[in-house]
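Student: Heads up: the sequence lines are chains B and U, in that order. The working numbering puts the first residue of the first sequence at -15, with every later residue one more than the last. The working numbering puts the first residue of the second sequence at 15, with every later residue one more than the last. Positions of the beta carbon are idealized from the N, C-alpha and C atoms, including for glycine.
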Amino acid sequence: MKKTSSKLAIKSLQKSPSGIQGFDEITGGGLPTGRPTLVCGGAGCGKTLFGMEFLVRGATQFNEPGIFMSFEETTEELTKNVASLGFDLEYLVKNKKIALDYVRIERSEIEETGEYDLEGLFIRLAYAIDNIGAKRVVLDTIESLFAGLPNQLILRAELRRLFRWLKEKGVTAVITGERGDETFTRQGLEEYVSDCVIMLDHRVTEQTSTRRLRVVKYRGSTHGTNEYPFLIDENGFSVLPITSLGLNHIVSNKRISSGIPLLDKMLEGKGYYRGSTVLVSGTAGVGKTSIAAHFAEAACKRGERVLYFCFEESPNQLIRNMLSIGIKLEPWVRKGLLQFQATRPTFYGLEMHLAVTHKIVNAFKPDIVIMDPINTFVASEKEFEVKTMVMRIVDFLKSEQITTLFTSLTSGNSTLEDSDAGISSLIDTWLLLRDIELSGERNRGLYVLKSRGMANSNQIREFILTDHGVKLREAYIGSSGGLTGSARVAQEALENAEVLTHKHEIERKKREIERKRKALESKIAALQADFDSEESEVVKLIKTEQDMIKRLEQDKMEMAVSRKAAKEKNATGNLKNHDKK
Amino acid sequence: MKEKKVNSEMIIKKGNPGKTADDKWVLRLYVAGQSPKALTAFANLKKICQEQLKGKYSIEVIDLLKNPQLGAEDQILALPTLVRKLPVPVRKIIGDLSNTERVLVGLDLLPNGGSILS
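1) Which class does Thr194 (chain B) belong to by DSSP, given the choice of helix, strand or coil?
2) Step through the CB atoms of chain B and report whether any lies within less than 8 Å of the CB of Tyr44 (chain U).
3) What is the rounded straight-line gap between the Cα of Ile76 (chain U) and the Cα of Arg42 (chain U)?
4) Quick one: using the 10 Å Cβ neighbour count with 16 as the cut-off for buried, is Pro134 (chain B) buried or exposed?
5) My parser needs the alpha helix (DSSP H) runs of 4 or more residues fully inside the stretch 46 to 117 of chain B; what are they?
6) Put Phe324 (chain B) into one of helix, strand or coil per three-state DSSP.
7) So the alpha helix (DSSP H) Lys285 (chain B) belongs to, where does it begin and stop?
8) Does the beta carbon of Ile73 (chain U) come closer than 8 Å to any beta carbon on chain B?
9) Just the Cα atoms here: how many angstroms apart are Gly69 (chain U) and Gly35 (chain B)?
10) On the DSSP bridge list, what partners appear for Arg428 (chain B)?
11) Considering only the beta carbon of each residue, do Leu22 (chain B) and Gly161 (chain B) sit closer than 8 Å?
12) Please determine, among B:Glu174, B:Thr327, B:Leu433 and B:Leu484, the residue with the shortest C-alpha to C-alpha distance to Tyr202 (chain B).
13) With DSSP collapsed to three states, give me the class of Thr160 (chain B).
14) If we count the other Cβ atoms within 10 Å of its Cβ and call it buried at 16 or more, is Gln538 (chain B) buried or exposed?
15) If I measure Cβ to Cβ from Thr114 (chain U) and keep anything under 6 Å in the same chain, skipping five residues before and after, which residues do I get?
16) For the alpha helix (DSSP H) that Pro315 (chain B) lies in, which residues bound it at each end?
17) Starting from His488 (chain B), follow the alpha helix (DSSP H) in both directions and report where the run begins and ends.
18) Would you say Lys106 (chain U) lies against chain B (beta-carbon separation less than 8 Å)?
19) In the DSSP assignment, what residue or residues form a beta bridge with Val370 (chain B)?
20) In chain order, what residues of the same chain lie with their CB nearer than 7 Å to the CB of Asp248 (chain B), ignoring the 5 residues before and after it?
21) Taking Arg426 (chain B) as the reference, which of B:Ser441, B:Lys434 and B:Phe447 has the closest Cα?
22) Could you give the distance in angstroms between the alpha-carbon of Ser193 (chain B) and the alpha-carbon of Pro299 (chain B)?
23) Which residue comes first and which comes last in the beta strand (DSSP E) that contains Ile354 (chain B)?
24) Any chance the stretch 91 to 109 of chain U sits against the stretch 46 to 61 of chain U, with 3 or more Cβ pairs inside 8 Å?
25) Classify Lys238 (chain B) as helix, strand or coil using the three-state DSSP reduction.
26) If the cut is a Cβ gap below 7 Å, which residues of chain B does Leu93 (chain U) touch?
27) Look up Cys24 (chain B) in the DSSP assignment and give the residues it is bridged to.
28) I want to verify the contact list: residues of chain U whose CB lies under 9 Å from the CB of Val87 (chain B), in sequence order.
29) Locate the alpha helix (DSSP H) running through Ser222 (chain B), then write down its first and last residues.
30) Take Asp185 (chain B) and list the residues in its own chain whose beta-carbon comes closer than 8 Å to its own, dropping the five residues that flank it on each side.
31) Which of the residues in the stretch 102 to 134 of chain B, read from start to end, lie with their CB under 9 Å from any CB of chain A?
32) Restricting to Cα atoms, I'd like to know which of B:Thr59, B:Thr58 and B:Phe38 is closest to Pro49 (chain B).
33) What in chain B is Cβ-close to Pro101 (chain U), meaning under 7 Å?
34) Here's a check: name, in chain order, each residue in its chain whose Cβ is nearer than 7 Å to the Cβ of Lys570 (chain B), leaving out the five neighbours to either side.
35) For Gln83 (chain U), would you say it is in contact with chain B, using Cβ-to-Cβ distances shorter than 8 Å as the test?
36) Whether or not the stretch 83 to 92 of chain B and the stretch 124 to 134 of chain B are in contact is what I'm after, with contact meaning three or more pairs of Cβ atoms, one per stretch, closer than 8 Å; do they touch?
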């Protein structure tokens, strides 16, 4: 949308960037170049400042010198007043970037005696414009002339001429005007200045005030039509173009750890998606802040920047409390990776909170934003407004690829899954903390109510705060369902005993078999020994037998020799026969 | 009237310049060029001065078209403007001075002059 409007602007109308944060986005480039713009609003709504910032930014950023013609404040007053916003007017005046001109008009000093015109003002303005080559002019506020000059007919005719003359001069002019009862300005300046009208407003609802800006009309250009909240702080004016940006955020597949290993495990073992919105809800004292602190610490350890909005605790108290569960946040604060932002929700209105959030986020450029808790707003505002605000914050942070963690307190008697800010539909990952009351104990349980885009665990895990931080216990799921606290401990003891007896049994069996094996082995040894002795007996027997055979042979041979009859052949043949026997 | 040229630096002095500051009138007329209004104003001023302040006034005519920077000093917006620099307090009278009575009121000359028109 922004793109198309700026394209249109190039074709049809040149614009002078105001340099005011956010304003150029709403108007698609700034104020109409060479035309007068009317800025109107009630007392103290920032008209003068708008004009002054338009000039200062023009002079410092866009090399467009400017004239500030003041009808109300003297140049000294002006210089002092805007010095608090970091504008060094004296320097700019000295360098001929800006000219201040205080026009004083005192009715008591003036006597009207016939025909006159305001040529003097024209000449003065023309002189100033030519002197520094001004491109921008602010008249603040020209309506003072109506108080000083009695002849309205002349004055009106001259004003008409003045605005025409400004157009002819080609200067981009800002004319401020006090808001009237039914008209934009008390003296109907809108009659003369009709190219661009900007309305500033300072409204108080339920004791909190919000400044708002609206582009009432802008000839020849599209512009945002909403009322936009704006801030005036030490950096000047900033308008916050908070529109719902639609649902076309860039998504990331990267995952980041929640800082609690077992919680990561419940989320596919990887943790949250980067750029997603995480809600941690639960009743009082279940440890929402601890989960948030874990997340913050883990992020800081990765070297990421964390912005922590605390709406209920002071940063110091939070740091101390988190120290008790072993989370050290202070070093990160000192390193500048972690920044706390503590404000009461009632300190200013929702729009303002939104505006402040924008501003701080833009300034700090965090990777992770934590808001703890989000629903304290509900007490001060209507639910619908809170929802739109949270939606805008979510939209904004998502478009910046910032992972956001909200905590939300569920009141005891409402259903747990009904987050009172009504924001559940905006949330990507919702962790629910609940207390489980069982056999006289109150234990904490955590489960993942939903987590878009991942196969999350469906278990309720027990959640324990130790002095080393949050610990999640593997869920005990026995025959009697999930058990927590001492019931779980008892059940575990029981199981341990059972396991022990089983172990003993196995040991016993093992020993028995060992004994049996040994018995068997000894038997085998004895038999072997028997066998061995028998064997050696047999060998001996065979030996003697063979000896005897040999002796017989020898005897035979000897006998043959003695008979001298036997032949070698026969001798062998006889031997063979003997063998066969 | 026409015979009197209105010039920026033209200073018309009448009467004795050596008088004390008390009864010395210093008047300054701011104009923008020789517009009809400027000429009328100058003529009217001269007439009034002649009648009321004969011999103890000086008129300085400043043309802002020529010297625009001079306008800021007396906070000139409307033209023509007559500024009574002396005697103090400073008074400003705007317009072409055609309403003589108002001019006299503006210059604080009514009680002395004694002319009451209304």
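Tutor: So, from the data block:
1) strand
2) yes
3) 7 Å
4) exposed
5) 59 to 67, 73 to 78 and 103 to 116
6) strand
7) Lys272 to Lys285
8) no
9) 50 Å
10) B:Asp419 and B:Phe447
11) yes
12) B:Glu174
13) strand
14) exposed
15) none
16) Glu314 to Lys319
17) Gly469 to Arg547
18) yes
19) In the DSSP output, where bridge partners are listed per residue, Val370 (chain B) has none listed.
20) Ser241, Ser242, Lys254 and Gly255
21) B:Phe447
22) 25 Å
23) Ile352 to Asp356
24) yes
25) coil
26) Tyr100, Asp101, Glu103 and Gly104
27) B:Gly161 and B:Met183
28) Ala86, Gln89 and Leu91
29) Not the alpha helix (DSSP H): Ser222 (chain B) falls in the beta strand (DSSP E), residues Gly220 to Val223.
30) Gly25, Gly26, Cys29, Arg195, Arg196, Leu197, Arg198 and Glu211
31) No chain A is present in this structure, whose protein chains are B and U.
32) B:Phe38
33) By Cβ distance, chain B contributes nothing, its closest Cβ being about 15 Å from Pro101 (chain U), past 7 Å.
34) The structure shown does not extend to residue 570 (chain B), since chain B is modelled only from -15 to 565, so the question has no answer here.
35) yes
36) yes
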